[in-house]
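Student:
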Amino acid sequence: MNSTWGSVLFSRPGTVVVFLLAVFVAGIAQGKVFYSQSEALELAFPDAEEVATNTFVLDDDQVARIESLAKCELDTKLVKVYTGMREGKVLGYALIDVHNVRTLPEAFMVVLSPAGEVRSLRVLAFHEPLEYKPTDRWYRQFDNRSIDAPLRVGGDIHGVVGATLSARATTRGVRRALAYYRVLLQSEK
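Now the structure itself:
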């Protein structure tokens, strides 16, 4: 900082606060919202006549089964599943997973086929610095996967240099969505 800026900045105490606040907000504002929930559901089920919403409150047995299948703990017992319908037939299911990557949240939608395979994964919001967000190509490696796949970063899921925490958080979220399908939806059929 040159002496002119330093004298202006520090000659007015309020200016220092505004300057520091601007730097802080600029650091936080690196994240991005890509899609609203309604936009994402429209993309998930473009041919749907209806998208039904079902909310499940998990009992302890369901939590234990889902955590075992997903290989991670659940943060909530409340699960919302969106079902795309056309002419009375299920087109697929969508679940939104919100979790912290490092210290800030990411939200993505996992769209499942009626058979419980990942049809697509769409990032809705990513509030960490964008350089920690994997590429769209990386997210596509989940396509056509089911709960029977290992889904392990460094195994069947490629890691991402510089975005290891993002890759792990996403993989856990996909496993949760597939486990919800197995415990909550597959048993209904």
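Residue numbers for the sequence shown follow the numbering used here, so the first one is 754 and each next one is one higher.
Idealized CB from N, CA, C, for every residue including glycine.
Computed from a prediction, not measured in an experiment: that's the story for all the values here.
1) So, for C825: in the same chain, excluding its five sequence neighbours on each side, which residues have a beta-carbon less than 8 Å away from its beta-carbon?
2) For a test of your reading of the model: does the CB of V804 fall under 8 Å from any non-hydrogen atom of the ligand GTP? Yes or no.
3) Using a Cβ-Cβ cutoff of less than 8 Å, which residues in the same chain neighbour G784 once the five nearest sequence positions on both sides are dropped?
4) Express the C-alpha separation of D800 and I819 in angstroms, rounding to a whole number.
5) Between K842, L796, E803 and H911, which has its C-alpha nearest P887's C-alpha?
6) Return the chain-ordered list of same chain residues with a C-beta closer than 6 Å to the C-beta of Y788, the five sequence neighbours on each side being excluded.
7) Is it true that the CB of H852 sits closer than 9 Å to the CB of A922?
8) Should D814 be labelled buried (16 or more other beta-carbon atoms within 10 Å of its own) or exposed?
9) When the Cα of A902 is compared with those of L874, G869 and R890, which residue comes out closest?
10) Buried or exposed for R855, please, with buried defined as at least 16 other CB atoms from any protein chain shown within 10 angstroms of its CB.
11) Excluding sequence positions up to five away, which residues of its chain have a Cβ less than 6 Å from the Cβ of Y1025?
12) For the segment 856-908, which segments carrying the beta strand (DSSP E) assignment without a break, of at least 3 residues, lie completely within its bounds, in sequence order?
13) Please state whether the Cβ-Cβ distance between L811 and V804 is less than 9 Å.
Tutor: In short:
1) Counting from 1 along the sequence shown, the entry for residue 825 is found at position 72. The residues are R925, R928 and R929.
2) By its list of ligands, the structure shown contains no ligand whatsoever, and the ligand GTP lies outside what it can speak to.
3) For the purposes of this step, residue 784 is taken as residue 31 along the sequence shown, with counting starting at 1. If we look at G784 and ignore the five residues flanking it on each side, its Cβ neighbours are L857, A878, F879, H880, E881, P882 and L883.
4) Within the sequence shown, residue 819 is the residue found at index 66, counting from 1. Within the sequence shown, residue 800 is the residue found at index 47, counting from 1. Each residue's alpha carbon lies about 30 Å from the other.
5) What you label residue 887 is simply residue 134 of the sequence shown in a count that begins at 1. When only C-alpha atoms are compared, the closest one is H911.
6) As a working note, residue 788 is residue 35 in the sequence shown. These residues qualify, in order along the chain: L877.
7) By 1-based counting over the sequence shown, the position of residue 922 is 169. By 1-based counting over the sequence shown, the position of residue 852 is 99. A contact, by the Cβ cut-off of 9 Å.
8) Looking up residue 814 in the sequence shown gives position 61. The residue in question, D814, is exposed, as its Cβ has fewer than 16 Cβ neighbours within 10 Å.
9) Along the sequence shown, one-based indexing puts residue 902 at 149. Of the candidates L874, G869 and R890, the one whose C-alpha sits nearest the C-alpha of A902 is G869.
10) Translated into the one-based positions of the sequence shown, residue 855 becomes position 102. Per the 10 Å Cβ criterion, exposed.
11) Outside the displayed range of the chain (754 to 942) lies residue 1025, so it cannot be described from this structure.
12) 858-865 and 871-879
13) If you number the sequence shown from 1, residue 811 lands on position 58. If you number the sequence shown from 1, residue 804 lands on position 51. No, the Cβ-Cβ distance between L811 and V804 is not below 9 Å.
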